[in-house]
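Start counting the first sequence at 0; every next residue gets the next number (numbering that gives the first Met the number 0). What follows is a set of notes on a single structure, which appears directly below.
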Amino acid sequence: MAKNDDKRFITPKSENPSQWYTDVILQAELADYSPVRGCQVYRPYGFAIWEKLKKLLNDRIIATGHENTYYPMFIPKSLLDREAEHVEGFAPEVAWVTKGGGKDLDEPLAIRPTSEVIIGVMWAKWLQSYRDLPYLHNQWANVVRWEKATRPFLRTLEFLWQEGHTAHAYEQEAREETARMLEQYSQFACEDLSLHVLNGIKSDSEKFAGAVETWGIEAMMPDGKALQSGTSHFLGQNFAKAYDVKFLAEDNTEQFAWTTSWGVSHRIMGGMLMVHGDDKGLILPPKVAPIHIAIVPITRGDNTDEVVAACQKLAAGLRRESYNGEAISVKVDDRDGFRPGYKFAHWELRGVPFRMEVGPRDIEENVAILVDRISGEKRKVDVNYETGSIGGVSIAKELDEFQAQLYERSRSEVESRIIEVASYDEFKDVISSGRGFVLAPWDGKASTEARVKEETSATTRVMAPQKPDNGVKCLFSGDVAQYMAYFASSY
RNA sequence: CGGGCGGUGGCUCAGUCAGGCAGAGCGCUACGUUCGGGACGUAGAGGUCGCGAGUUCGAAUCUCGCCCGCCCGACCA
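Written out as structure tokens, the structure is:
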């Protein structure tokens with residue numbers, strides 16, 4: 000917490016991004032800690048952001064042909080144990096229920112760390128013919144992973160997410176599904192959250208436990224660390240074989256299904272907050288901002304009622320415009336007893352994209368002051384206080400531009416911080432100084448990756464789409480390079 | 001899980017070394033004056049000093065155990 004004798008301020012982001020993040024989450028009233036370590040409460044404003052984000056992603060999932068479902072959170076131990084690699088990967092983080100109704104349970108129940116298992120079990124029950132496929136299911140759920148170190152949104156014991164699970168008759172179809180959903184995630188980050196991410200396949204060591212391939216979107220945080228923000232897994236027939244998900248094919252042979260799974264959690268919301276904010280607090284992309292415009296009345300003496308009435312008129316006019324399919328969301332801050340400057344800071348902290356100021360002079364001149372959260376610049380716009388309509392500017396267009404500007408800022412920031420290096424020494428320097436990601440040729444060997452991690456804390460995040468040129472050597476081993484990989488320390 | 005720091009009114013903290021009436025500023029409530037970048041006055045409300053044991057005539061303060069948070073590492077989304 001920033002220390003100040005008489006005001007509640009946040010730590011400047013430039014000074015300490017980590018502390019800034021904690022300060023802003025608490026003070027903007029997005030979330031708070033619960034009595035249980037590592038768990039968080041979503042306060043109304045924070046949950047409103049999550050719900051906006053959730054709707055946008057859900058629309059994409061439904062538009063690509065998936066159906067929402069809900070599977071239970073308890074998984075019997077014997078079922079979890081069936082996929083060896085999967086259970087080994089998750090064992091340290093699983094929470095168990097061992098008592099119910101005051102008695103010890105015959106069999107402990109895992110609280111889902113993810114749902115491949117329970118879904119596989121149910122599919123085995125339903126699936127008979129290739130004609131039943133594909134299964135294209137999604138669910139919005141909470142999951143529990145008993146993490147050691149936690150931070151609001153970025154890593155919590157219980158977290159909210161969406162997990163898609165699909166089963167296909169053909170390998171190629173499952174591979175295409177994996178790629179398709181990765182692309183949806185990437186577009187969601189870019190278009191809806193104004194967040195530039197890097198897409199690619201993960202190395203074996205970074206792969207989901209039980210998957211054949213894991214693909215991911217990686218975001219870059221202000222300290223140069225990577226945040227894995229979404230993953231899409233090609234599971235091959237691994238889970239189908241473990242849970243007996245099979246069907247009769249066209250040629251009357253019994254075959255195992257090819258499955259995929261893909262997930263985005265509330266972590267991506269934390270990443271979005273961390274990337275866009277500044278020293279004054281949050282900056283929200285309009286598509287996920289619960290409030291688009293805060294109107295602050297500037298009153299003087301006994302004209303309060305008159306000015307507030309003008310603000311209400313203006314708000315009603317603004318709400319008649321729509322943005323991204325919904326009415327523009329406007330808040331008139333008519334709280335008594337707070338001066339304008341306090342209200343400005345209040346809404347800036349909360350990341351509201353635009354503010355309008357309406358004072359007696361403005362009403363006389365038929366104008367209002369419009370201020371955007373990125374630049375903080377004030378400009379006059381024409382307002383008809385009889386009808387509440389504004390002239391000269393389209394707020395919907397302003398919001399679109401705000402959204403695009405945020406993305407452009409994120410994109411250029413990330414691109415300028417992807418650094419190609421000539422030597423391992425230079426690599427170490429970039430990683431330890433937090434300058435960004437390193438794009439480097441890598442021989443594809445787990446042993447090399449492990450050594451780099453040991454020595455620098457950096458891991459491969461995803462493989463770049465381009466392959467190394469012929470004859471290019473691995474930066475670390477000198478062997479022939481297999482991939483161009485993005486390296487970074489990660490959250 | 002290691003290392004460091006911390007937990008006293010809603011918030012930030014003083015008080016702990018050296019045991020002896022629980023404090024300050026901000027915030028909150030009421031009223032008044034204010035209001036174009038974090039206003040001011042007056043009067044109030046608000047505390048099992050993180051939890052549990054122990055030592056003591058007496059514990060926020062000493063001892064032991066535990067819980068929680070932050071920062072930095074290791075591990076994982």
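Don't be surprised by glycine CBs; every beta carbon is placed ideally from N, CA and C. Everything numeric in this text was worked out from a predicted model, so none of it was measured.
Nearest-angstrom beta carbon gap, residue j and residue i [assumed within contact, 8 Å]
i              : j              : result
isoleucine 48  : proline 289    : 6 Å
proline 221    : methionine 273 : 6 Å
valine 295     : aspartate 332  : 5 Å
histidine 65   : asparagine 137 : 5 Å
arginine 144   : proline 112    : 5 Å
tryptophan 160 : glycine 270    : Not confirmed; about 14 Å, so no contact.
lysine 286     : aspartate 191  : 5 Å
tyrosine 482   : proline 467    : 7 Å
serine 114     : tyrosine 70    : 5 Å
Exposed unless 16 or more other CB atoms sit within 10 angstroms - verdict on residue i
i              : result
aspartate 22   : buried
tyrosine 406   : buried
glutamate 414  : exposed
proline 133    : buried
alanine 512    : Because the chain spans 0 through 490 in this model, residue 512 falls outside it and cannot be assessed.
lysine 2       : Unreliable positioning characterises lysine 2 in this predicted model, as indicated by a pLDDT of 36, which lies under 50. A coordinate reading is not provided.
valine 96      : exposed
alanine 109    : buried
serine 411     : exposed
asparagine 198 : buried
valine 211     : buried
arginine 360   : exposed
glycine 45     : buried
alanine 183    : The residue asked about is misnamed: residue 183 is glutamine in this sequence, not alanine. Counting Cβ neighbours within 10 Å, glutamine 183 comes out buried, since at least 16 surround it.
proline 151    : buried
glutamine 171  : exposed
isoleucine 61  : exposed
glycine 300    : exposed
Test item: CB-CB of residue i and residue j under 8 Å
i                 : j             : result
glycine 350       : leucine 283   : yes
threonine 165     : threonine 259 : yes
tyrosine 485      : glutamate 217 : yes
alanine 395       : valine 382    : no
alanine 445       : aspartate 203 : yes
phenylalanine 255 : glutamine 236 : yes
phenylalanine 436 : valine 451    : no
tryptophan 122    : valine 244    : yes
histidine 275     : valine 329    : no
serine 264        : glutamine 402 : no
leucine 281       : leucine 181   : no
serine 488        : alanine 457   : yes
tryptophan 257    : alanine 178   : no
phenylalanine 238 : glycine 119   : yes
Through-space distance from residue j to residue i, alpha-carbon basis
i                 : j              : result
tyrosine 129      : leucine 135    : 14 Å
serine 393        : leucine 369    : 12 Å
proline 440       : valine 429     : 16 Å
glycine 223       : tryptophan 19  : 15 Å
arginine 266      : lysine 279     : 22 Å
lysine 98         : aspartate 105  : 9 Å
aspartate 424     : glycine 433    : 14 Å
alanine 241       : aspartate 131  : 20 Å
aspartate 103     : isoleucine 117 : 22 Å
aspartate 478     : alanine 90     : 35 Å
phenylalanine 158 : tyrosine 41    : 11 Å
leucine 126       : glutamate 419  : 49 Å
lysine 54         : arginine 378   : 33 Å
methionine 355    : threonine 386  : 17 Å
valine 509        : histidine 167  : Only positions 0 to 490 of the chain appear in this structure, which leaves residue 509 out of reach.
methionine 0      : cysteine 473   : Bear in mind that the predicted position of methionine 0 carries a pLDDT of just 35, short of 50, making it unreliable; the figure below should be weighed with that in mind. If I take the Cα positions, the gap works out to 44 Å.
lysine 6          : histidine 195  : Low confidence applies here, because lysine 6 scores a pLDDT of 46, under 50, leaving its location unreliable; read the following figure in that light. Cα to Cα, lysine 6 sits roughly 35 Å from histidine 195.
serine 17         : glutamate 454  : 24 Å
threonine 389     : lysine 147     : Looking at the sequence shown, residue 389 is not threonine but isoleucine. Approximately 53 Å, taken between the alpha carbons.
leucine 317       : valine 357     : 14 Å
isoleucine 362    : threonine 303  : 12 Å
asparagine 469    : valine 380     : 59 Å
lysine 52         : lysine 12      : It should be pointed out that residue 52 corresponds to leucine in this sequence rather than to lysine. Cα to Cα, the separation comes out at about 24 Å.
aspartate 31      : methionine 268 : 15 Å
Check: residue i C-beta below 7 Å from any heavy atom of the ligand NAP
i             : result
threonine 213 : Absence of the ligand NAP from the depicted structure is noted, as is the absence of any ligand whatsoever, leaving it without description.
Point to revise | Within the region 267 to 301, ranges of the beta strand (DSSP E) (whole runs, at least 3 residues) | key: 292 to 296
Exercise for review: Entirely within the region 24 to 87 and at least 4 residues each: give me those alpha helix (DSSP H) ranges in chain order.
Suggested key: 43 to 62, 76 to 79
Practice item. Output the residue ranges of the alpha helix (DSSP H) runs that lie fully inside the region 382 to 431 and measure 4 residues or longer, sorted by chain position. Key: 394 to 415
Exercise for review: Pick out the complete alpha helix (DSSP H) segments inside the region 190 to 269, 4 residues or longer, and give them in chain order.
Suggested key: 237 to 242
Exercise for review: Write down every uninterrupted run of the beta strand (DSSP E) in the region 442 to 481 whose length is 3 residues or greater and which is fully enclosed by it, in chain order.
Suggested key: With a minimum length of 3 residues, the unbroken runs of beta strand (DSSP E) contained wholly in the region 442 to 481 fall at 458 to 462.
Exercise for review: Mind listing, in chain order, the continuous alpha helix (DSSP H) runs of no fewer than 4 residues lying wholly within the region 102 to 136?
Suggested key: 115 to 125
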